[in-house]
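Number 38 in the numbering used here belongs to position 37 of the sequence shown; there are no gaps in the numbering.
Following: one structure in structure tokens, then a few remarks.
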Amino acid sequence: MDYRTIVVGTDGSVTATSALRAAVRFATRCKAKLVLVCAFDPPRISRAMAETVLEHAARSARGEGVEVEVETGGAEPAGLILGVAERRGAGLVVVGNKGIGEATRFRLGSVPDRVAHQAGCDVLVVDTSGAPGPTRADRGYRTLLIGTDGSATASEAARKGLELAMILRADAELIYVGDPIVGAITLEETAATAPERVTVRTHVAQGDPTNRIVGVATEIDADLVVVGNKGMSGARRFLLGSVPNQLAHAVPTDILIVKTVDRALSDIAPGHGAVVTAGGRRLAVYRDDEGGLHAVSPRCTHMGCTVDWNDADRTWDCPCHGSRYGTDGAVIKGPADKELAAAEISE
Ligand code: FES
């Protein structure tokens, strides 16, 4: 889970504060740094007001033990949030489905809509319609509904959803919409990749993907729906009319839109690493300063989460319980006590 930096926008409104609380929860669970962003737009919000909003928000987040930084600027809110997220290499942006500079619902052209479409990282859209009461994130996510169609990009989103279930101590429900036989096989394969101790149930449904996912989310009272920004029944990109976009507007829960990036071996620069698919297998690959490739299994030997590349320390770090491995797979820090298996690279 590459959520080392989480960006959340606020304007001090009740709904923005609900999204902020969700971001604080994620930051606590993922041990991430939180960057709070508030745009000023006089006369509605002066710079001094924005700074006061940020000061209050930062104080409350620090009270939960989270490392916090703040940024303000005169840009319009969505542009500022997107710019900060990109500049800081954020792994996650959190927005409410209402609010931030407006009292309108999540609609085309709104701040959450623009962020959900344009962010270069994952986006959590928090359902703040019940604010000021507790949101689903406040109560703790107990059930995650994860959509997949078996494509490489949807599987990547499903992997993230299953690991998130472990980190949040939630149950995972996988859904496939389409052919029942293909669906049964896809879901069995996907469920087999779940970390240990994550309870997984599966649903195969037929019909319109958005309607079916919304239907099942309602039926099982899911707290969070997880989908990739590509994939799902042929949507090639995160387009108007694609499943992730329709879901973001229709789903009665929070939704995590996972940015699925197809990384290839050739994308890894010397001195860096990435988890890639090569020769049909997922591999954790490090390219040394001389250009040599070193591959190990990305599956953590503790309980089976997928490790992430840590560029600062040149290590493979597991997001679930903090195990750390060297580029050769050797354990640097537990709880894992067994190395990552060496792997051959076949392109
Ligand atoms: S699964 Fe527990 S540290 Fe990796």
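For each residue, glycine too, the CB sits at the ideal point set by N, CA and C.
Remember, predicted model here, so these are calculated numbers, not experimental data.
Integer Cβ distance of residue i from residue j, believed to fall under 8 Å
i: residue 257; j: residue 284; result: Incorrect: roughly 25 Å between the Cβ atoms, too far for contact.
i: residue 310; j: residue 270; result: About 12 Å; that fails the 8 Å criterion.
i: residue 196; j: residue 92; result: So it is not a contact: roughly 19 Å between Cβ atoms.
i: residue 120; j: residue 83; result: 6 Å
i: residue 252; j: residue 230; result: Wrong, their Cβ atoms sit about 14 Å apart, outside the cutoff.
i: residue 1; j: residue 182; result: Outside the modelled stretch of the chain, which goes from 2 to 348, sits residue 1, for which no answer is possible.
i: residue 40; j: residue 86; result: With 8 Å as the limit, residue 40 and residue 86 do not qualify as a contact, their Cβ atoms being about 14 Å apart.
i: residue 333; j: residue 316; result: 6 Å
i: residue 199; j: residue 158; result: Not a contact, Cβ separation roughly 16 Å.
i: residue 66; j: residue 29; result: 7 Å
Status (buried if at least 16 other CB within 10 Å, exposed otherwise) for residue i
i: residue 247; result: buried
i: residue 335; result: exposed
i: residue 173; result: buried
i: residue 268; result: exposed
i: residue 232; result: Model confidence at residue 232 stands at a pLDDT of 47, short of 50, so the residue's coordinates are unreliable and nothing is read from them.
i: residue 220; result: exposed
i: residue 99; result: buried
i: residue 240; result: Per-residue confidence for residue 240 stands at a pLDDT of 40, beneath the threshold of 50, marking its modelled position as unreliable; the derived number appears in the next sentence. So residue 240 counts as exposed.
i: residue 160; result: buried
i: residue 347; result: exposed
i: residue 105; result: Only weak support is given to the placement of residue 105: the predicted model assigns it a pLDDT of 47, under 50, and the question is left unresolved by the model.
Distance between residue j and residue i (C-alpha atoms, nearest Å)
i: residue 11; j: residue 95; result: 10 Å
i: residue 123; j: residue 155; result: 13 Å
i: residue 301; j: residue 21; result: 31 Å
i: residue 328; j: residue 44; result: 53 Å
i: residue 13; j: residue 79; result: 15 Å
i: residue 129; j: residue 294; result: 46 Å
i: residue 340; j: residue 287; result: 16 Å
i: residue 69; j: residue 35; result: 5 Å
i: residue 23; j: residue 97; result: 9 Å
i: residue 61; j: residue 322; result: 26 Å
i: residue 112; j: residue 52; result: 20 Å
i: residue 298; j: residue 46; result: 50 Å
i: residue 116; j: residue 249; result: 11 Å
i: residue 281; j: residue 344; result: 13 Å
Three-way DSSP call (helix, strand, coil) for residue i in this model
i: residue 252; result: coil
i: residue 80; result: helix
i: residue 295; result: strand
i: residue 341; result: coil
i: residue 65; result: coil
i: residue 333; result: strand
i: residue 11; result: coil
i: residue 161; result: helix
i: residue 216; result: helix
i: residue 322; result: coil
i: residue 184; result: helix
i: residue 72; result: strand
i: residue 349; result: Residue 349 lies beyond the stretch modelled for the chain, which goes from 2 to 348, so this question has no answer here.
i: residue 211; result: helix
i: residue 31; result: helix
i: residue 261; result: coil
i: residue 194; result: coil
Residue(s) in a DSSP beta bridge with residue i
i: residue 300; result: 307
i: residue 287; result: 274 and 295
i: residue 112; result: In DSSP, residue 112 forms no bridge with anything.
heavy atom of ligand 3 below 6 Å from residue i C-beta
i: residue 324; result: Ligand 3 is not part of the structure shown, which contains ligand 1 as its ligands.
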